[in-house]
Amino acid sequence: MTDIPTTDIRRTIALNGQSMSLVGHESIVLVEMMARGEWEPHLFRIFDRYLRPDRGYVDVGAFIGTSVMYGAQLARHCWCIEPNPLVYRYLVENCVANPIIRDKVTRFEGCLWDHPGTLRLGAPVKPYGSAASLRKPEAATAWEVRAVTFEMFLEFYSIQDLNFIKMDIEGAESVVLPQMAGYLRRERPTILVSVHAFDFQDRAAELAAVIDSLDHYRHLYLRDGTPADREALRRGEGMETHRSPCSDILATDIPWPAG
Numbered sequence: 004m005t006d007i008p009t010t011d012i013r014r015t016i017a018l019n020g021q022s023m024s025l026v027g028h029e030s031i032v033l034v035e036m037m038a039r040g041e042w043e044p045h046l047f048r049i050f051d052r053y054l055r056p057d058r059g060y061v062d063v064g065a066f067i068g069t070s071v072m073y074g075a076q077l078a079r080h081c082w083c084i085e086p087n088p089l090v091y092r093y094l095v096e097n098c099v100a101n102p103i104i105r106d107k108v109t110r111f112e113g114c115l116w117d118h119p120g121t122l123r124l125g126a127p128v129k130p131y132g133s134a135a136s137l138r139k140p141e142a143a144t145a146w147e148v149r150a151v152t153f154e155m156f157l158e159f160y161s162i163q164d165l166n167f168i169k170m171d172i173e174g175a176e177s178v179v180l181p182q183m184a185g186y187l188r189r190e191r192p193t194i195l196v197s198v199h200a201f202d203f204q205d206r207a208a209e210l211a212a213v214i215d216s217l218d219h220y221r222h223l224y225l226r227d228g229t230p231a232d233r234e235a236l237r238r239g240e241g242m243e244t245h246r247s248p249c250s251d252i253l254a255t256d257i258p259w260p261a262g
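Take any residue in the sequence shown, note its place counting from 1, add 3, and you have its number in the numbering used here.
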C-alpha cells in the first residue's frame, strides 16, 4: 500500500463558531485554506442554512472529513461515505480528534453506485488526494471498493430522518443520482451536488441526467445562491468553473435566504 504522510501534526481552527481539529499534512493544508476563507466557503454557508439539530444528513464523498467536522456539529447525526482507503484513514483520525462529534458520525468505507457490487477506484494524481474517481479505474494507483445503492445504505443504517445530502463524487453523480431520483422525489431532502466536467458542454447528456434527477425540486441554485437556469444547465451552460472542472448545484424546496 502506498504510504501517506504522518498524522502526528494537528491544527485547530474556529470557523463560524464551530471548532475543528484536523490531523496530518493533507488536513493542515486545507485547514489553513479554510481559515483564510479559501476552501469552499459556500459549503459552510449552505450547511449553516440547511442543516438542522433534529435531523440527520449524509455526506457522500466525505474526503478527509473537512465537511463532516463542521456539519456534524450542526446536524443530529452525519452518515458519511468515502471509498479511497488512504483518505478514509484521515477521515477516521479526524473524527477521533474531535470528541464533540465522535458519537455523531457513522462512517462507511465504500461508494454509492446504481447497483451493488465491487468497483475499481483509481487515483490519477496522488493516492491520498481528493481526485480518486470511479472514472479512472486504469490509474496506476487503484483499489477495489464496495458499492451499494443509496437505498441499501439507508436501510443498512436504518436512516429515516434525513433533511440534507451533500454529494461530491468526482463525476459519478450522473450515474448515482438517477438511481436516487425516486427517493429524492418522495422524501425531498435538500441536496448539494458537485458536478464534475472538464468540458460541461461535452458532457451535456450526463448533465441532463443530473438535472432531470433534481427537476422536481422547487428551487435549483448555483453555489452563490443565484437561481439556476435549468435548461441552460442541461446544455452544459451557466456553470461556474472557478478555474476548476467542478461546479455545484443546490436542489431544495426551501428558498435561499434573501439579502
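Where is the CB? At the ideal position from N, CA and C, for every residue including glycine.
With 16 other Cβ atoms within 10 Å as the buried cut-off, status of residue i
i, result
"I12", "exposed"
"F159", "exposed"
"E100", "The sequence given here has Ala at residue 100, not Glu. Per the 10 Å Cβ criterion, buried."
"G40", "exposed"
"P230", "exposed"
"A177", "With the sequence shown as reference, residue 177 is identified as Ser, and Ala is not the correct amino acid for it. It counts as buried."
"P56", "exposed"
"Q163", "exposed"
"D256", "exposed"
"R123", "exposed"
"N19", "exposed"
"T144", "buried"
"E209", "buried"
"A235", "exposed"
"P260", "exposed"
"S22", "exposed"
"A175", "buried"
"E173", "buried"
"P86", "buried"
"Y131", "For Y131, the pLDDT reaches just 45, beneath the cut-off of 50, and the residue's location in the model is therefore unreliable, although a value from the coordinates is still provided. Buried, by the Cβ-count rule."
Rounded Cβ spacing between residue i and residue j (contact assumed at less than 8 Å)
i, j, result
"S250", "V198", "5 Å"
"M72", "I104", "7 Å"
"T193", "R149", "Going by Cβ atoms, the distance from T193 to R149 rounds to 27 Å, so no, they are not a contact pair."
"A17", "L54", "About 18 Å; that fails the 8 Å criterion."
"L253", "Y224", "4 Å"
"V95", "R110", "7 Å"
"G64", "M170", "6 Å"
"G68", "Y93", "7 Å"
"A75", "V26", "Their Cβ separation, rounded to whole angstroms, is 16 Å, which puts A75 and V26 out of contact at 8 Å."
"R191", "I214", "About 16 Å separates the two Cβ atoms, so there is no contact after all."
"R14", "V34", "5 Å"
"G239", "A207", "4 Å"
"P102", "W146", "About 30 Å; that fails the 8 Å criterion."
"L195", "I49", "6 Å"
Span of the alpha helix (DSSP H) around residue i
i, result
"Y186", "E176 to E190"
"R233", "R233 to R237"
"E154", "F153 to F159"
"I214", "A207 to L217"
Where the beta strand (DSSP E) containing residue i begins and where it ends
i, result
"S22", "Q21 to V26"
"R13", "R13 to L18"
"Y224", "H222 to L225"
"T229", "Here T229 belongs to no beta strand (DSSP E), and DSSP marks it neither H nor E."
"H257", "In the sequence on display, residue 257 carries Ile and not His. That residue, I257, is in no beta strand (DSSP E); it is neither H nor E in DSSP."
"I2", "Nothing can be reported for residue 2, as the shown portion of the chain is limited to 4 through 262."
"I172", "That residue, I172, is in no beta strand (DSSP E); it is neither H nor E in DSSP."
Self-check item: Meets three-Cβ-pair contact criterion under 8 Å: the stretch 34-48 and the stretch 111-120
Solution: no
Exercise. Would you check if there are 3 or more beta carbon pairs closer than 8 Å linking the stretch 214-225 to the stretch 180-187?
Key: yes
Quiz item: Which whole runs of the beta strand (DSSP E) in the stretch 51-137 are 3 residues long or more, in chain order?
Solution: 59-63, 80-85, 108-112 and 120-126
Practice problem: State whether the stretch 47-64 contacts the stretch 78-86, with contact taken as three or more CB pairs (one from each stretch) at a distance under 8 Å. | Solution: yes
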